[in-house]
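Below you'll find the structure, written out as structure tokens, and then a few comments.
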């Protein structure tokens, strides 16, 4: 199912959710 | 997902067209498919028997073009441009859009320099206009369901002009390259995907050791800064005393 | 007092024959409405076929009033007459080109009417009052308030009120006017709420201006072709020139596009922002600073570096939460798709 595979591929790329400097500071 | 729902009909249409044609006639079908503003996936068309039959024939160049759009990037096309037919402007646009999706597969933060190199863009304004109009606002002619959030693009993210990068928050998935499935399964296994609520914390736990090291470093840094501050304060106070003595 | 009244009426009539509507209205507005001296009713009519339409004024005596609407060149008169013999009616017509002066007078008259409307049970008059008030707010460029009133009118369920038939076209016009006024309103959280209401109203999807409503709701940057198409639907006062040499439409579009840019960019230089908005950088800075001061946009300006930094409405950690929610929803969608395909 190519469509499902593409959706999974897109989903995998969504994490980590945020990688900005500001987020890192707040997260720490 | 939105993109998949929207292009499902288009995919069906072209799969039927491809099934009904053979040989060189498929060339025009592929041009139409790779120029279509709402289609960003081609593996279903590649799977059509009449398309696979093009392999090793005089018309295999059309198959190569379709594979380029399924898996390749604009740089791939430039490397092989001598062997491939010239692309029409709509195809060029689509290939560049797909290039952004490929770049977003490996990195969340895409530098302007990298994007400008990969997309053959010479200035920041042109790059940002492309990312905004053709990537983030793409799929604009499609009907958006009322229940959906305010998104209809291929990618979603934020542009940082000062730091010259594009931070990707979401990117649509491309067709899987042969051999890519294995690494995807590996990633799924590593990330404990079945528990959705622990999803993000799972990825964070994987780096918790690093996190502790980072916190320790931060504590050390804070202690150092505190010492320096005390030293500076003492020096100032000593100077004030000296000046007072001199004045008196 | 009776003689003064007669003189005022005659002068008003003369002004009306010379099409000096404001002066005619002012003449009648000097009449003491509380005296109760009038024993006869006088109704003045004015008909024109120049296509201008709208109700702008009425007067009343004795607690009853006559409300007149001028629509598309034809005249409709309705009265809520308990004491017909003591009524005085005047129709004031304003042309769209004399917006500023006449809108001020019209608002004064409609404010007088509002006291009486609240005591009236006459549904037709209440409807006509609502239409009038919405149009006056529109004229006064209080677009958000006008939009809410137009939207309220568009939701009337009854198709027959008294001897007045409410057709679907009229409701659609009111809805369209609501959308237009919302788009022209100052960009910010209040407008966003009204946009959401309109966008989710299925009737809007059938309107000619739905495509631009969609783009505005989705906070997308508007480009020249769609702005020009929208401009064709506007009334002259909605394209009027403002003191800063931008038109009403220009200002609305610039502010909207600036807000859209704030959703796309973490930061942007003012020269680039000016290019994006089609205005000089210093004007972009001025408009941005005003929007930030008025709390319609979140951000900060670094004048030294000539950069604006946009801030999100939500904190980083909240955004993280939202992203994770999105991931979970996407995961659920995939699992549902798999289940549907029997996997």
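Protein chains in written order, with the numbering used here: chain Z, 23 to 50; chain W, 55 to 302; chain F, 236 to 578. Quick reminder that beta carbons are idealized off the backbone N, C-alpha and C, glycines included. Source: prediction; values computed, not measured.
Asked, Found
"C-beta contact flag for residue 89(W) and residue 145(W) at 8 Å", "yes"
"Nearest-angstrom Cα separation, counted from residue 185(W) out to residue 370(F)", "41 Å"
"Cβ-based contacts, 9 Å cut-off: residues of the segment 536-553 of chain F near chain Z", "550, 551, 552"
"Beta-carbon proximity list for residue 597(F), same chain, < 8 Å, skipping 5 on both sides", "Past the edges of chain F, shown from 236 to 578, lies residue 597(F), and the structure says nothing about it."
"Residues that residue 544(F) bridges to, as DSSP identifies them", "502(F), 535(F)"
"Range of the contiguous alpha helix (DSSP H) that encloses residue 459(F)", "459-466"
"Spatially closest choice to residue 662(F) from 517(F), 379(F), 442(F), by CA coordinates", "Outside the modelled stretch of chain F, which goes from 236 to 578, sits residue 662(F), for which no answer is possible."
"Assumed close pair residue 226(W), residue 155(W) - CB separation to whole angstroms, cut-off 8 Å", "6 Å"
"Opening and closing residue of the beta strand (DSSP E) in which residue 213(W) lies", "209-214"
"Contact set for residue 131(W): own chain, Cβ-Cβ below 8 Å, skip 5 residues either direction", "122, 138, 141, 149"
"Interface flag, residue 30(Z) vs chain W, CB-CB below 8 Å", "yes"
"Residue 407(F) versus 534(F), 493(F), 482(F), 385(F), residue with shortest Cα-Cα distance", "385(F)"
"Same chain only: Cβ atoms within 6 Å of residue 57(W), ignoring 5 sequence neighbours per side", "226"
"Chain Z contact for residue 272(W) (CB, 8 Å cutoff)", "yes"
"Cβ of residue 163(W) within 8 Å of any chain Z Cβ", "yes"
"Per-residue contacts from residue 35(Z) into chain F (C-beta, under 9 Å)", "Simply none; closest approach about 10 Å."
"Backbone CA spacing between residue 563(F) and residue 572(F) [nearest angstrom]", "14 Å"
"Where residue 327(F) sits in the DSSP three-state scheme", "Bear in mind that the predicted position of residue 327(F) carries a pLDDT of just 36, short of 50, making it unreliable; the figure below should be weighed with that in mind. If DSSP states are grouped into helix, strand and coil, residue 327(F) belongs with coil."
"Nearest residue (CA-CA) to residue 129(W), options 120(W), 152(W), 108(W), 109(W)", "152(W)"
"Beta carbon of residue 87(W) nearer than 8 Å to that of residue 94(W)", "no"
"Where residue 149(W) falls: helix, strand or coil (DSSP)", "helix"
"Any chain W beta carbon closer than 8 Å to residue 455(F)", "yes"
"8 Å Cβ cutoff, residue 430(F) in contact with chain W", "no"
"Selection from 565(F), 453(F), 534(F), 551(F) that minimises the alpha carbon distance to residue 44(Z)", "551(F)"
"9 Å Cβ cut-off: residues of chain B touching residue 504(F)", "Chain labels in this structure do not include chain B; the protein chains are Z, W and F."
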